[in-house]
Each structure stands twice: as C-alpha cells, then as structure tokens.
Amino acid sequence: MAPTLERLEARERNEQAELGRVVRVRWELLGLEIDGASQAARQAAKLAVQRVIAASMAEQPLGSPAFRGTVVLIHGLAQNHRTWHSSARSLPAHLADHGYEVLNLDMRGHGLSRRLGAPPARRVDDYVDDLCRLVGALPRPPFVAGHSLGAVVGLRSAPRVELAGFVHWAGLYTFARDNPTLRAAARVGLVLDRGVPDSVAVNWRHAGKLIARLGPVSDAVNAVAPIQGWGRRSFEVPLLRERVSRGFDVTGWPVMSEMSRWALGEPIDDGSFAALEALPLLVFSGESDRLATPEDGLACYRASRSQDRRYVLFSAESHGFSAGHLDIVLGERAPRVVWSELLAWLDARSTQ
C-alpha cells in the first residue's frame with residue numbers, strides 16, 4: 145500500500161520570511177506512518193511533516209500542479225525543523241511566497257516527530273527510508289534540499305526515488321578528511337561505542353542552551369574553536385540564541401557512531417549517487433564552514449556525473465559573505481545571498 149500523509153493540524157498565520165517582510169501562509173502539520181512498524185506502532189507513532197504554502201493557495205491539494213514545485217527540507221545531525229525557520233527568518237515562508245509548496249520534515253526521533261512518538265534512528269538509512277517513504281506519498285517528484293547530515297540522507301535517497309532536483313547544502317561527502325579534531329573525536333566515539341547500547345540517544349539540546357546563555361561571547365568562542373558552527377558576526381545575537389536553543393535536538397548514538405566511521409574513511413556514497421546523470425544537482429559550501437568544509441562540497445560536485453550540476457562557494461571574495469555551517473541557511477546575509485541562488489536554480493527547473 146502506498147504511504148499516505150494525514151493532516152493533523154492546519155491554520156493560517158503570518159510568518160516573517162526575513163526581517164521586514166511578512167508573508168501570509170497556510171501551515172499544516174502532516175503525519176507520515178513509519179515504514180516497517182506494526183499496525184499498533186504506526187497508529188501510535190508518526191513522522192512530522194510541516195507543509196507551508198501561500199495562504200492564497202490554501203485550497204490546493206498536496207503536490208498540485210498549481211505550485212511551481214514541491215521542496216522537501218531535511219535537517220542535519222541532532223537538529224530539527226528550525227534549521228530552516230526562526231521567528232524572524234523563514235526559508236519555507238520565502239519559498240511559499242514565490243509559489244512553492246514546502247515540506248519541512250523532522251526526521252525520526254527529532255523535533256515534532258519525537259512528540260508524535262517516532263523513536264530515534266538506529267542507522268542513517270532509517271532516515272533514508274523515511275525520506276523515500278515521504279517522496280512516495282507525493283503525486284509528483286519533489287526537489288530535496290538537505291543540510292549537513294540531511295544532505296547525506298538526500299543523496300542516498302536519490303538512487304531509490306525520482307527527484308526533480310537535489311540541493312547538497314553544506315553537506316557531507318568526505319567527512320572530516322581535513323579536520324583532525326573531528327577525526328580524533330571519531331576515534332574516541334568508536335572506543336566508547338563498544339559499551340553503548342543501540343537504544344541510547346544523545347541530547348544535544350543542553351549544548352544549544354549553553355551556547356545561547358553565552359550570548360555575545362559565544363561568537364568569540366566559536367571563532368577560535370576547532371569545530372566552528374557559524375561564521376564570525378554572521379548572526380544577530382537574538383537569532384543566534386534562538387537558533388541554537390531551539391534548533392539543537394536529540395539523536396541516536398548509533399547514528400553518531402556511523403558518522404564516526406565516515407570520519408575515519410568509510411565512504412558515504414557507494415557510487416550510486418555519483419552515477420546519476422539525469423538528476424539536477426546544486427552544491428552549496430561556505431568558506432568558513434569547518435564541519436562540512438568546501439572540500440566536502442567540491443568532492444560531491446566532482447564525483448557526480450550529473451549533466452546539470454552547479455557548485456557555489458559563498459566566500460567574502462565572491463559574495464561578501466564567508467558562510468559557516470548554520471548561517472549558510474539562516475544567517476543575516478542568507479536571504480539575499482544564499483536563498484536568491486536557490487530560488488534562481490529552482491525557478492529554472494520548475495514546471496511553470
């Protein structure tokens with residue numbers, strides 16, 4: 145039986161697409177059954193998918209051809225839907241205002257999916273299965289944009305389901321090859337892994353709240369840290385506090401262990417994604433990103449055989465914005481610099 149999306153909540157509301165620009169949207173909370181679960185488990189636990197469309201298109205059904213296209217957003221490790229949305233800056237509202245239907249997925253065990261009873265993943269491919277199931281519930285192929293680990297989820301899904309295009313957004317491909325701190329952490333993690341049950345989940349919300357409490361000092365600390373989360377002075381302080389305090393989440397220990405193996409050389413892509421010639425590919429990298437470095441993005445771009453591929457490095461020289469890992473999505477300069485690149489790429493490949 146084909147997967148279906150159940151509408152759980154719906155309302156119209158105003159959202160700030162960016163500072164000074166308010167958009168009237170229809171917001172819906174959709175529930176997606178978890179694949180492979182028993183009937184009782186499916187009834188008790190669902191994946192949360194937030195659908196955002198322009199209020200003027202409120203009567204349009206899921207995947208309607210009246211939309212320019214459907215865009216699925218996938219967050220990264222120990223994050224949630226707030227990767228893409230804050231109180232003063234919202235990529236879903238921005239895209240909805242330009243005629244797109246946006247589906248913002250909380251991966252299992254994260255954000256609203258955790259509230260709907262979805263347990264943490266035991267492997268990264270659990271997330272891949274969930275994304276494939278979501279795509280299978282849609283009447284036409286969507287664009288998928290994945291940030292960080294979400295980009296891995298997207299690229300591993302691409303050989304299994306038809307996509308209109310894929311955005312590798314500060315994503316992983318040759319993870320930690322040029323960051324010795326991450327590789328050292330990976331070695332420690334794999335040693336600890338021997339005694340940790342697969343059911344253990346790690347709560348990163350405490351780290352996010354600690355960063356938020358540091359306030360303006362957090363920017364200076366981040367600037368000298370070997371694992372930097374954002375570029376210097378790229379966030380307004382209130383929005384940085386909001387992003388880290390509400391956007392950091394819980395993740396399963398086995399997923400972190402799998403990423404540790406990637407950091408020590410296990411390949412992320414077995415070649416199936418790289419072999420896709422017809423899939424439009426857009427790769428975003430930030431000059432100041434030390435988590436998913438520009439080398440990660442370039443490796444993805446160079447490995448791909450896509451006949452329609454583009455690589456964009458957001459640097460001080462090229463864009464006046466030396467983007468880091470989080471601010472490449474929601475930083476102060478992101479709407480005018482990064483989102484404009486995304487929208488132009490989508491519009492050139494949309495159905496209208």
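When the letters of the sequence shown are read in order and numbered with our numbering, they come out as residues 145 to 496. Glycine included, each C-beta is placed from N, C-alpha and C at the ideal position. Treat the numbers as computed from the prediction; the structure is a model and nothing was measured.
Apart from the five residues just before and just after residue i, which ones in its own chain have a Cβ nearer than 8 Å to its Cβ?
| i | result |
| --- | --- |
| S182 | Bear in mind that a pLDDT of 47 at S182, under 50, signals an unreliable position, so the model cannot answer this. |
| A189 | I178, A181, L260, G261, A262, P263 |
| R233 | Q160, A161, E162, L163, L383, L474, A478, P479 |
| V394 | A222, G253, H254, R258, P264, A345, V346, N347, W348, R349 |
Going along the chain, which residues of its own chain have a beta-carbon closer than 6 Å to the beta-carbon of residue i, five neighbours each way excluded?
| i | result |
| --- | --- |
| H362 | The sequence shown places Ser at residue 362, rather than the His named in the question. Same-chain partners within the cutoff: I355. |
| L435 | H469 |
| V167 | E159, A161, A237, D241 |
| A478 | none |
| R300 | V272 |
Ignore the nearest five residues each way along the sequence and tell me which others in residue i's own chain have a CB closer than 7 Å to its CB.
| i | result |
| --- | --- |
| L174 | L149, E150, R151, L152, V193, R195 |
| N366 | Q372, G373, W374 |
| F392 | A222, Q223, W348, R349, A351, G352 |
| R376 | D363, A367 |
Measuring only the C-alpha atoms, how far is residue i from residue j?
| i | j | result |
| --- | --- | --- |
| E402 | V456 | 28 Å |
| E245 | R304 | 22 Å |
| A347 | Q451 | Note that residue 347 corresponds to Asn in the displayed sequence, not to Ala. If you take the alpha carbons of N347 and Q451, they lie about 41 Å apart. |
| L256 | L247 | 13 Å |
| V272 | S292 | 14 Å |
| L336 | A329 | 11 Å |
| A407 | L420 | 24 Å |
| D471 | R157 | 25 Å |
| S404 | R331 | 7 Å |
| F319 | V279 | 26 Å |
| A198 | T325 | 44 Å |
| H463 | L474 | 16 Å |
| A146 | V288 | 20 Å |
| P411 | V268 | 13 Å |
| L383 | G359 | 10 Å |
| H219 | R387 | 13 Å |
| L239 | F310 | 16 Å |
| S230 | G207 | 25 Å |
| A184 | T437 | Residue placement at A184 is flagged as unreliable, the pLDDT there being 49, under the threshold of 50; the coordinate-derived value follows with that caveat. Cα-Cα distance, rounded: 43 Å. |
Give the C-beta separation of residue i and residue j to the nearest angstrom, bearing in mind that I take them to be a contact with Cβ-Cβ under 8 Å.
| i | j | result |
| --- | --- | --- |
| A281 | F417 | Not really, about 22 Å apart at Cβ, beyond 8 Å. |
Do residue i and the ligand NAP come close, with the Cβ less than 8 Å from some heavy atom?
| i | result |
| --- | --- |
| D471 | The ligand NAP is not part of this structure, which contains no ligands at all. |
Across which residues does DSSP place residue i in a beta bridge pair?
| i | result |
| --- | --- |
| N158 | R168 |
| D250 | A192 |
| V346 | T395 |
| Q204 | In the DSSP output, where bridge partners are listed per residue, Q204 has none listed. |
| W313 | H291, F428 |
| E177 | K190 |
| L457 | S429 |
Requested in this report: Jot down the residue ranges of each uninterrupted beta strand (DSSP E) in the segment 401-450, minimum 3 residues, whole runs only, in chain order.
Outcome: 425-430
Query - Contained alpha helix (DSSP H) runs [length at least 4] in the segment 209-282, N- to C-terminal order - result: 235-241, 255-259, 268-280
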